[in-house]
Each structure stands twice: as C-alpha cells, then as structure tokens.
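Note sheet for the following structure.
Number of protein chains: 2
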Amino acid sequence: MASPPTSLSSVAHRTIRRTCVNCALSELCVPVGLDQTDMERLDQLVDRQQPLPANAHLCRIGERFSALYAVRSGCFKSYRMDREGRERVLAFHLPGELMGLDAIYPGVYQSNIVALDVGGVCALPYNDLSRLATQIPRLQEQIFRLLSKDLSAYAWLGGDHSAEERVAGFLLDLSNRYRERGYSDRAFNLAMPRRDIANYLRLATETVSRVITRFERQGLIRTERREVQLLDLDGLNERANHCLQVTV
Amino acid sequence: MASPPTSLSSVAHRTIRRTCVNCALSELCVPVGLDQTDMERLDQLVDRQQPLPANAHLCRIGERFSALYAVRSGCFKSYRMDREGRERVLAFHLPGELMGLDAIYPGVYQSNIVALDVGGVCALPYNDLSRLATQIPRLQEQIFRLLSKDLSAYAWLGGDHSAEERVAGFLLDLSNRYRERGYSDRAFNLAMPRRDIANYLRLATETVSRVITRFERQGLIRTERREVQLLDLDGLNERANHCLQVTV
DNA sequence: TGGCGAAATTGACTTGCGTCAAGGAGGCGT
DNA sequence: ACGCCTCCTTGACGCAAGTCAATTTCGCCA
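Protein chains in written order, with this note's numbering: chain B, 1 to 248; chain P, 1001 to 1248.
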C-alpha cells in the first residue's frame, strides 16, 4: 500500500501479459477451439511485435517467407505492384485475421503488407507453427479453414460485378466483419482512403466516390469523410445482388 | 512363355493396380515428397472412383463437404451460380490438381464441379486426410502449399486486366500447366468451349472470339476450333503484360 | 446424304466505367 | 492565421467491352 501506483514496478505488475489465452480475438484467430493447454503451447511460439506506426510495412514482396502475421489491432492492407508499377490492393485485414497465407506456396512473400493506422501484429513463425499443427489436430484444422476461407473471399473479388455491386458488397463485408468483432455493424470508420477502396474493388476512385454519393442520395447510407453509417441493410444487400454471402 | 499375351487373364495380370506410388501425377498432386511408406498410407485412404462421363457432376453447391478430389485424367470445371442464375466459372482443373478446397471452411461445397470430357478422380475423404496429415508433416505441408497456391491463382483472376491480357494470360497459364504435366506447351487442345473460357475470364464470348482472331492475325497463335498452337510465346507474354507469373 | 442444333465468328450499336480536368474541404506544420 | 498538401467530389468526354443480331461451320443422328 505504501508505494505509489504510478511507480514503474507497480505498472509492470498490473500489466497483464498478453497471451493467446486472454486475447479477446482468440475466437476469430488461429487458436479457435483450442483448450487452455494447447493455447499455451501456441502462445510460446507467438512473437508479439512492437506496434507499427501508420504506413509502416510489415513485409515486402520477395522477402523470404518466415512467418504468418495475425492482426492484433488496427487495420492492414496487402497489395502488389503490377509490371507498370501500379498498386493493386488484394485485401484489408482486421483484428483476428491472418496475413501472408499466399506466401506459403512459393516460400517468398507475394504481397506487401502495410499498416493503415497504428497497429499491432503477432508473428507466427511458420516452421514452428506447422510443426505444432501436426501435434494439435485442431490447430491444423483451423489453418486449413482460414486458408479455405480466403479462397472464397478472393473468388468474390474475381467475379464480374458492377460498380454498385462492388461498393455495396464491400460495405456489407466490412459490416459483417465488424459485427463478428463486437463492433457496431451499422456505423464504423473506414481505415483506408477512397483510393485504396477503389483499387481493391478494381474501380476508379471517382467511380467509388460517385457510387457512394448515389447510395447516400438513395438513403442507403450516410457518410462523413471516413465515417460510414449503413441506414438500409436490405437495400444494400439488393445492390450487392446478394452475391456476397459465403454459404456457411 | 506359353500363354498368349492377349488372353483376358493375362491382361488382368499385367494390369498394375493404380496406386499413388506408381501414379505419374504423384509429383504434381498431394503426395509430393512423400517416401514410399507414407505414400502407401495415403494410398489406403484414396478412393479411386469410376471415370465420369463428359458433363457429369462430381459435386454440387450445398452438398455436405466430405472429400477433396484430385484429378486423375481429363479436365474439370468448377463454377457457381449468381443470384440471377448465370454461371460463373471459377477454375479449370487439370490432372494432378486438387478440387474442392474452398469447401473446407464452410463444410459445404461452394462450387459445382463438372467433367468437361470423360475424366477420372481420386476422392480424398477429408477427415481421414487431415488425420493422416497430422501424422505425416510433409503431407500437411503439401496441403498448406496447394491451398496457398490457389490463392495466387484467384488473385490473378481478380486483377483488372484488359481482354487481351486475360486471353493471353489464360493461354500461357494452360501452356505452363501442360508443360508441367509433360505435354507440349506449344500445341494443345482446349477441353472447354469458348463460352466457358469467356465466363472464366469475365468476358463476353464474342470478345474472346475477337481477341483470338486478333492474336491469330498477328501471328501469335494458330487455332482450329479447339486445337491451339502458340507460335510466339514472347509476344503472348507481352500481351499478358507479364502479370501472370507467380514469383516462385 | 441431308437436316438439325450447338458452337463460333463477325458486324453494328450501346453503355458503364475510366480518364482528364477542375474545384472544394480538411489536416498540419510553421 | 496562413499556405500547402492530400483526400474527396463533381462534371465532361471517350473508349473498351457488352449486347443484339445475323451468318457460318461443325458434329451428329436419322
């Protein structure tokens, strides 16, 4: 009771060590369904890295693949460059999601991954992870599932959708993912600029802007810079042509 | 030396039982890198199914996911239906390739898979396969790799490419895959009608036809219905904008 | 051999989205 | 408070690819 609560040691004592076991994201991330013992084994190989400042790169194309990354906080973007040097956004990653999966096959990172705002990641050294996965069937299963899940996401992007379908689908996808994470699915903040959204959806920035304006006029959404409110989910689903949902 | 080689029993005796161990595709398929003992364990769970006639379905969307399928011979197509009932081709599968990977996550097939011509598959019961994968690290690794490989393939389809880029990329992709399988990479037969190619590339059938005609006029290829000859790989690579290759 | 239907090609027209260009609105450092 | 820069929005115009429609070719079966 004597030492003031502001002393360094006191703070250190009160700080709960971040582990998979007490991580709020464990139900979205790799350790889904693991019991406490297995989670602790997983925990030992996880490298909880320093938070990255906005616009800092986590990895770059061509670097030797050594680890998968799980988002702990913030929002990340993965992208490639085409031969003309133009950026091509492949995905946005929210907390609990796994990044770098496309690097497993070639053994070399296939995309640049950058923090859109300040964000933290857990690095999962791949060799250790796959070794552990042979020992914990539930873990192997979860990695299979996460890889398979990404296939469906990419398949959507590959479809031939109109600009309206793409933008509506994008908003609904984010809405679903925020809900899963316990955030509001009706009002959220876009971590990425319009340019990145457009690039991800393979549209021009101007087209995204126009569609958003149109949705706003139709009373489907309300926006204020990067703040978005979804006012009419049914209407958005109609615009998205119902083609978003992965049948689960 | 006495019995004539044409007698039925003789044929039966000379027929080698099809196993993973003696399968010509083992270096492209799931058992990559397994030693003979492990291959025999894998072999025991493989269900070598009757050849399917052309246009027969292997599985349909919504069916409970129970097995992955490896192509043994022929060419398969996987596709979905959008809400308007239009077909959307997701992939063509050549011998040695694994199908149904996108069903792992939801536990329900996410695409219809149909034989384009008469073709054979090996069914790999998923529960048995993943159990075996925990016991054979090299097998687990290979499944990770195959899943990861598909991610890159889907990423290409998701890019915003012109019609010329798409058609050139498609031809070169087939060329590479045929070469891997020991076939000519300069002359091959398209197992699928133009309509399916167009659908896969998210183009109109007419557009594919026009691009093919243009390539032919430019001396890049020669076609005779479904027979294709690639005359100028460099030229095609240029049209494809070099954006096909996965950096391996 | 001839006739039917599916597949492929080609031409004429339409359109959704990209490109170009200009203007407005915050954010931030000095 | 000012200026600068980046982000976003809006309008005018052009083009690549889609749609519609007609014709040819091939495979197939009677």
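Where is the CB? At the ideal position from N, CA and C, for every residue including glycine.
| Item | Value |
| --- | --- |
| If you draw a straight line from the C-alpha of G119(B) to the C-alpha of C75(B), how long is it? | 7 Å |
| Can you find a C-beta in chain P that's less than 9 Å from the C-beta of D234(B)? | no |
| E1180(P) CB to nearest chain B CB: under 9 Å? | no |
| Is F65(B) closer than 9 Å to Y126(B) when the C-beta atoms are compared? | yes |
| Just curious, the beta strand (DSSP E) that Q1249(P) is in, first and last residue? | Since the first residue of chain P shown is 1001 and the last is 1248, residue 1249(P) is not available in this structure. |
| Mind checking G158(B): buried by the 16 CB within 10 Å criterion, or exposed? | buried |
| From the beta carbon of Y105(B), is the nearest beta carbon of chain P less than 9 Å away? | yes |
| Helix, strand or coil, according to DSSP, for F65(B) in the structure here? | coil |
| Given that P31(B) touches chain P, what residues does it touch there, using C-beta distances under 7 Å? | In chain order: nothing, as chain P lies at least about 17 Å away. |
| Would you say P125(B) lies against chain P (beta-carbon separation less than 9 Å)? | no |
| Based on Cα-Cα distance, which residue from R1060(P), R1131(P) and P1095(P) lies nearest to R1041(P)? | R1131(P) |
| Between L34(B) and R138(B), is the Cβ-Cβ spacing less than 9 Å? | yes |
| Ignore the nearest five residues each way along the sequence and tell me which others in E165(B)'s own chain have a CB closer than 8 Å to its CB. | R239, A240, N241 and C243 |
| Assuming A1056(P) and V1121(P) are in contact, meaning their beta carbons sit under 8 Å apart, how far apart are those beta carbons, in whole angstroms? | About 11 Å; that fails the 8 Å criterion. |
| Using a C-beta to C-beta distance shorter than 7 Å, which residues of chain B count as neighbours of D1160(P)? | R202 |
| If you follow the beta strand (DSSP E) that T223(B) is in, where does it begin and where does it stop? | I221 to E224 |
| So with Cβ pairs under 9 Å, would you call I113(B) a contact of chain P? | no |
| Whose C-beta lies closer than 7 Å to the C-beta of Y178(B) among residues of the same chain, with five residues either side of it excluded? | S184, D185 and F188 |
| Within 10 angstroms of the Cβ of Q50(B), are there 16 or more other Cβ atoms? Answer buried if so, exposed if not. | exposed |
| Using a beta-carbon distance below 9 Å, is K149(B) in contact with chain P? | yes |
| What does the Cβ neighbour count give for Q142(B), buried or exposed, with the cut at 16 atoms within 10 Å? | buried |
| Excluding the five sequence neighbours on either side, which residues of its own chain have a C-beta within less than 7 Å of the C-beta of D1270(P), listed in chain order? | Any property of residue 1270(P) remains undetermined from this structure, which presents chain P solely from 1001 to 1248. |
| Considering only residues of the same chain and omitting the five flanking positions on each side of I1061(P), which have a CB-CB separation below 7 Å? | R1080, Y1109, Q1110, S1111 and N1112 |
| Secondary structure at M39(B), three-state DSSP: helix, strand or coil? | helix |
| For the region 1179-1216 of chain P, which segments carrying the beta strand (DSSP E) assignment without a break, of at least 3 residues, lie completely within its bounds, in sequence order? | 1187-1189 |
| Name the chain P residues that come within less than 8 Å of I143(B), Cβ to Cβ? | F1144 |
| Quick check: is the beta carbon of T1134(P) nearer than 9 Å to any beta carbon in chain B? | yes |
| Hey, D98(B) and C29(B): beta-carbon distance below 9 Å or not? | The amino acid occupying residue 98(B) in the given sequence is Leu; Asp does not appear at that position. The answer is yes: Cβ separation under 9 Å. |
| Indicate whether at least one CB of chain B lies closer than 9 Å to the CB of S1152(P). | yes |
| With C-beta atoms as the reference, is L1025(P) less than 9 Å away from G1096(P)? | yes |
| Roughly how far, in whole angstroms, is the beta-carbon of E27(B) from the beta-carbon of N199(B), given that I think they are within contact range, below 8 Å? | No, E27(B) and N199(B) are not in contact; Cβ-Cβ is about 31 Å, not under 8 Å. |
| Could you work out which residues of chain P lie near L45(B), taking near to mean beta carbons separated by less than 7 Å? | What L45(B) touches in chain P: nothing, since even the nearest Cβ is about 16 Å away. |
| Going by beta carbon distance, what residues of the same chain come within less than 7 Å of P31(B), once the five residues before and after it are set aside? | C20, M39 and L42 |
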